[in-house]
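Report on the following structure.
Residue numbers (the numbering used here): 534 to 627.
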C-alpha cells in the first residue's frame with residue numbers, strides 16, 4: 534500500500550488514540566507488516582510537534598570516496614580482486 538495513504542491514516546488516528554493501537558488497526562485492515570509500532574510512534578511524535586507534512590525529509594547521501602566509473606572498469610577487467618585489493622588500489626580505509 535502507498536506509504537502516503539498509511540501516513541494519512543496515522544494522522545487521523547493520532548487525534549484518536551495510541552500508536553500501538555493504530556499500528557494494530559492498520560495491520561488488521563491492510564495486512565500484517567503494513568506498519569509497525571515503532572514507525573507509528575515516530576509519526577505520532579512528528580504530528581505531536583506540529584509537523585503534519587507526510588513526505589520523508591531529505592536525508593542526503595554520503596559522498597563516494599572513489600570514482601565509480603573507474604572502479605567499475607577495474608572490477609570488470611579483473612573480477613578476481615578482493616575488496617581489500619580494491620581498497621588498497623584506491624587508498625581507502627574501512
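Built from N, CA and C at the ideal position, the CB exists for glycine as well.
So, is residue 622 buried or exposed, given that buried needs 16 or more other C-beta atoms within 10 angstroms? exposed
For the alpha helix (DSSP H) holding residue 578, just list the boundary residues, first then last. 570-581
Would you report the Cα separation of residue 553 and residue 604, rounded to the nearest angstrom? 46 Å
Just confirm the distance between the C-beta atoms of residue 547 and residue 577, as a whole number of angstroms; I'd bet it's less than 8 Å. 5 Å
Please state the DSSP three-state secondary structure of residue 535. coil
Are there 16 or more other CB atoms within 10 angstroms of the CB of residue 617, so buried, or fewer, so exposed? exposed
Could you give the DSSP three-state label for residue 615: helix, strand or coil? coil
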